[in-house]
Structures are given as structure tokens and as C-alpha cells.
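A quick write-up on the structure given underneath.
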Amino acid sequence: MFIRSERLFLRPGWPEDWQELLARIDDEEVARNLAQVPWPYTADDARWFASQPQHPRCPHFFVTLPTSSEPARIIGCVGLAQDGDAVELGYWFARDFWGRGYATEAARAVIGLARTLGHRKLMAGQFVDNPASGRVLRKVGFTPTGQQRQRFSLARGCAVDSIEHGLELAEPGNCDDPADMRVA
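Just so you know, we're using numbering that gives the first Met the number 0 here: the sequence shown kicks off at 0 and counts up by one.
What follows is the structure, encoded as C-alpha cells:
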């Protein structure tokens with residue numbers, strides 16, 4: 000499964016992506032904002048993640064910047080994951096690509112796909128000391144649920160307060176039609 004947005008190309012990972020993945024996520028400031036990423040992040044971690052198969056209802060994507068002159072570079076990752084009974088949106092971007100709207104654009108693309116896959120509600124968590132992630136979530140339609148929970152962060156090695164967000168999705172639509180990427 001592939002997704003093209005205005006500036007980005009979202010694609011599945013391949014085992015040979017492990018070195019580029021390692022180069023992008025090997026930053027403690029990136030890893031500490033994520034629940035499932037260890038620190039330090041090793042070559043074995045990158046090999047494992049790059050070789051993971053896609054889940055048909057909860058895919059994840061490497062985010063790339065397509066260019067005509069060189070191979071597209073991985074700049075981050077976005078995807079859906081099962082978290083108990085909920086489906087959760089998650090993302091990360093290499094620090095060099097923060098503040099450019101890429102997380103917002105990639106999240107919108109995956110939300111459109113989530114609707115197409117028949118998901119009716121998405122959840123997302125934001126560590127309390129990562130307000131930038133909360134701004135991204137609000138830009139794409141998530142609202143804080145009023146709940147905070149402790150999430151274990153592998154990179155930090157401890158539980159961290161997380162602000163929970165939810166997004167109700169409209170009926171399934173066409174993920175290729177920007178006019179049909181609405182939320183409920």
C-alpha cells in the first residue's frame with residue numbers, strides 16, 4: 000500500500016531500509032517522544048522494524064520526500080496500531096524535518112486511509128512534555144479526551160504521563176479524494 004500526498008510519499012518499509020531508518024531515528028530527542036522505541040536504538044532494532052510485515056487494517060509507512068534527482072529519503076514514519084480495543088495513530092519525524100508540516104500532512108493521509116479501511120474512531124497519545132505532537136493532533140481533527148494515562152516509554156525506561164486524544168471518523172470514503180477526507 001502506498002499513499003501520495005501533496006509533498007510526501009508514504010510507502011511500506013523494506014528490509015534494506017534498516018540503515019536509513021537507523022540514521023533518522025538514532026536521536027534521543029526523537030526516541031523519548033515515542034512509547035515503543037528503545038534508546039539507544041540499535042542496528043538490530045532497525046533491522047527488526049524494517050522487516051515487519053504490514054497489518055491489513057493497521058498499516059505503517061515510511062514517509063519520504065520524493066525528488067526527481069535522487070532516491071527518496073526516509074524522513075519519518077506514520078501508521079496505525081492496535082492498542083487494546085482501540086486503533087491508534089502514531090508518527091515520528093527526524094529532527095531535521097520538525098516544524099515543516101510534514102507530520103500534519105502524513106497524519107491526514109493516514110486518517111483518510113483509516114476511513115477507507117472502515118475505522119470509525121482513532122486514538123492518539125501525546126506525552127505531556129511533547130506539546131508539538133498535541134498541536135499536530137489538533138490540526139488533523141483530534142480532540143483531547145480529558146483523560147491522562149501513564150504510558151511506558153522504552154527510551155526513557157519509565158512510565159510518562161500521556162494526554163489522550165480521540166477522533167471520530169465519518170463513514171468510509173475515497174482516500175484519493177481530498178474533499179472526502181472529512182472527519183465526523
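Beta carbons are placed, not taken as given, at the ideal position from N, Cα and C, and that holds for glycine. For clarity, every value in this text was computed on a predicted model and none was experimentally measured.
Item to check | Residues of its chain near residue 118, where Cβ-Cβ distance is below 8 Å and the 5 sequence neighbours each way are ignored | outcome: 56, 79, 86 and 168
Next on the checklist: Suppose contacts are defined by Cβ-Cβ distances below 9 Å. Is residue 26 in contact with residue 131 by that definition?
Outcome noted: no
Item to check | Closest Cα partner of residue 147 within the set 170, 122, 154 and 156 | outcome: 122
Next on the checklist: Do residue 40 and residue 49 have their beta-carbon atoms positioned less than 9 Å apart in this structure?
Outcome noted: no
Next on the checklist: Please state whether the Cβ-Cβ distance between residue 184 and residue 69 is less than 9 Å.
Outcome noted: Residue 184 lies beyond the residue range present for the chain, which begins at 0 and ends at 183; the question has no answer from this structure.
Item to check | Under the three-state DSSP convention, the category residue 21 falls into | outcome: helix
Checklist entry - Is the shortest distance between the beta-carbon of residue 69 and the beta-carbons of chain B less than 9 Å? => result In the structure shown, chain B does not exist; there is a single protein chain.
Next on the checklist: For residue 96, tell me which candidate among 42, 53 and 74 has the shortest Cα-Cα distance.
Outcome noted: 74
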